[in-house]
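In what follows, a single structure is set out as structure tokens and then discussed.
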Amino acid sequence: MGYALVLVRSASLNLEAFARATGTHPGLVRRLVALGILDADRDAAGELWFAPSQMAVVGRVQRLRAGFGLNYAAVGLVADLLDRIALLEAAPREARRPGR
Amino acid sequence: MAAGPRADRRDFYEILGVPRTATQDEIQRAYRKLARQHHPDVNKDPAAEDRFKEISEAYDVLSDPQTRRRYDAFGPDFRQVPEDVDPEAFQRGRAGAGTGQARGAGGAGGFGTGLGGDLGGIDIEDLLGGMFGGRAGRGFGPIPGADQEAELELTVEEAFQGGHRSVTLEGPDGRRTLDVRIPAGVTNGQRIRLAGQGGRGSEGAPNGDLYFVARIAPHPRYRVDGRDLYVDLPLAPWEAALGTSVGVETPRGEMKVKVPPGTSTGKRLRLRHHGLPHPRGSAGHLYAEVRIVVPAKLTDDERRLFDELAAVSTFDPRRR
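Below is the structure:
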């Protein structure tokens, strides 16, 4: 049991490490969590932990912000819409499979 | 600053699809529209990123009245011309050698009038907005590249056996050819990841990944559903009625299938685990779907026998 926790913990990054790895300010990371754009786990001590997959999310946020001059709230909306479109586009691809 | 070698080759007005006389407003509108279409997070096509950078670079130059004037006067090499050369004087000097009044070369006339007023419509956010790509980085720090997606059409045989496929894509430095390893048992819609082959990260940030989405092309013989394969099995009426053993084509070669007596059209005979392989599990099945086929023209003997059968049989397929 204890081992499992250690394994999970070592795969994820704390706020400082995550901010460093993404080249962002910890304050911005906290703000993105508050906006629901980034997913983070909070441990018993209240510290934030991030899965490595969240680094790609920060990349997308930065690209969308830089490319369109969006504010962070708008970036969240656009990212959600893009995810939904990706799901919708994948569905007909699955359905197109010739069946019985 | 970050002018890509490709962006220099094409005319910036052409890239944005605006005339040389376009106002700043028109240039901004064209840029916004194109940026929405080709932004690497909106458009997963691997070619979109370069297109986006081209667009950003063009906008970067044309949205700034000073730079635009220099671009109009000196052309694509305007960055090499020293700052203190006056664009208008340069153009007059070039054109004036002949007629003295030609100002048209770069549409400078239209531009001159549009400059003052239109500038008011651009706010700071918009200027920052153009930075990604052309003016990459300033203030944003390293930005990882976006993931990209391209479709990869495979034959059923390729999905069955796996193998290698050489794929050519438009890349940052022109065309690049990638060797894609197709795992045996890839299914429709499955994604094959090429780490680090996606969009480029800026300032040393990691590149995105490139995903090939497998599409199994229609096959003259096999229909594919997940890992299961379906194949038609045409039978003569007597084969279907009496039962038989027939050969069925599978991707692995011909297999013998036992058709039990009394088999009707639509019945599926399963060849367990003869569908597409599963790298981490059991393979799909192959289903031979029975279809009863009658001779288009009967010989005299066949007609006599069928007549006899019709007279003797009490079978009614429509009885409820």
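Chains X and Z supply the protein sequences, listed in that same order.
Quick note: the first sequence uses the numbering used here, first residue 1, plus one each step.
Quick note: the second sequence uses the numbering used here, first residue 101, plus one each step.
Just so it is clear, CB atoms sit at the ideal spot from N, CA and C, and this is done for glycine as well.
Because the structure is a prediction, the values reported are computed rather than measured.
Within the stretch 239 to 303 of chain Z, the alpha helix (DSSP H) runs of at least 4 residues that lie entirely inside it are, in chain order, 256 to 261. Each residue's CA atom was taken as its position, placing Z/G375 and Z/R281 some 20 angstroms apart.
The stretch 254 to 261 of chain Z and the stretch 345 to 352 of chain Z touch, with three or more beta-carbon pairs separated by less than 8 angstroms. Chain-order list of chain X residues neighbouring Z/H139: R63, L64, G67, F68, by C-beta distance under 9 angstroms.
Across the set Z/F406, Z/L252, Z/T277, the C-alpha of Z/F406 shows the shortest separation from the C-alpha of Z/P337. Shown here for Z/V161: same chain residues with a beta carbon closer than 7 angstroms to its own, the five before and five after excluded, namely F112, T167, R168, Y171 in chain order. Around X/R60, the beta-carbon contacts reaching into chain Z at under 8 angstroms are D141, A246. The contact set of X/L82 on chain Z, defined by CB atoms closer than 7 angstroms, consists of D141, V142 in chain order. By the CB criterion at 9 angstroms, Z/V313 and Z/L252 fall inside the cutoff. Positions of the alpha helix (DSSP H) runs, each at least 4 residues long and wholly inside the stretch 323 to 404 of chain Z, are given as 337 to 342 in order along the chain.
Think of a sphere of 8 angstroms around the beta carbon of X/A56: the chain Z residues whose beta carbon falls inside it are P244, D247, G308, in chain order. Around the Cβ of X/G36, a 10 Å sphere holds fewer than 16 other Cβ atoms; the residue is exposed. Taking the beta carbon of X/G27 as reference, no residue of chain Z falls within 8 angstroms; the closest one sits roughly 14 angstroms away. X/L64 and X/A79 do touch by the CB rule: their CB atoms are close to 7 angstroms apart, below 8 angstroms. For X/L48, no alpha helix (DSSP H) encloses it; the enclosing beta strand (DSSP E) starts and ends at 48 to 50. With a beta-carbon spacing of about 29 angstroms, Z/G381 and Z/P360 fall beyond the 8 angstroms limit used to define contacts. In terms of CA proximity to Z/Q248, Z/L269 leads the group Z/I155, Z/E126, Z/D164, Z/L269. Secondary structure at X/I37: coil, using DSSP grouped into helix, strand and coil.
Burial of Z/H138 is indicated by the presence of at least 16 other C-beta atoms within 10 angstroms of its C-beta. For the stretch 9 to 24 of chain X, the beta-carbon criterion of a distance under 9 angstroms to any beta-carbon of chain Z is satisfied by T22, G23, T24. In this model, Z/A250 and Z/P119 are separated by some 33 angstroms (Cα to Cα). Going by DSSP, Z/R129 is part of the alpha helix (DSSP H) stretching over 124 to 138. Here Z/V412 carries a helix assignment [DSSP, helix/strand/coil].
For Z/L310, there is no enclosing alpha helix (DSSP H); the residue is found in the beta strand (DSSP E) stretching over 310 to 316. Taking a contact as a CB-CB distance under 8 angstroms, the pair Z/A158 and Z/I115 counts as one, their CB atoms being some 4 angstroms apart. Comparing alpha-carbon positions, the option among Z/G285, Z/K367, Z/E408 lying closest to Z/V390 turns out to be Z/K367. At least one CB atom of chain X sits nearer than 9 angstroms to the CB of Z/F152.
In this structure, the beta-carbon distance from Z/I243 to Z/G301 falls below 9 angstroms. Put simply, the CB of X/A79 is near chain Z, with a gap under 9 angstroms to one of its CB atoms.
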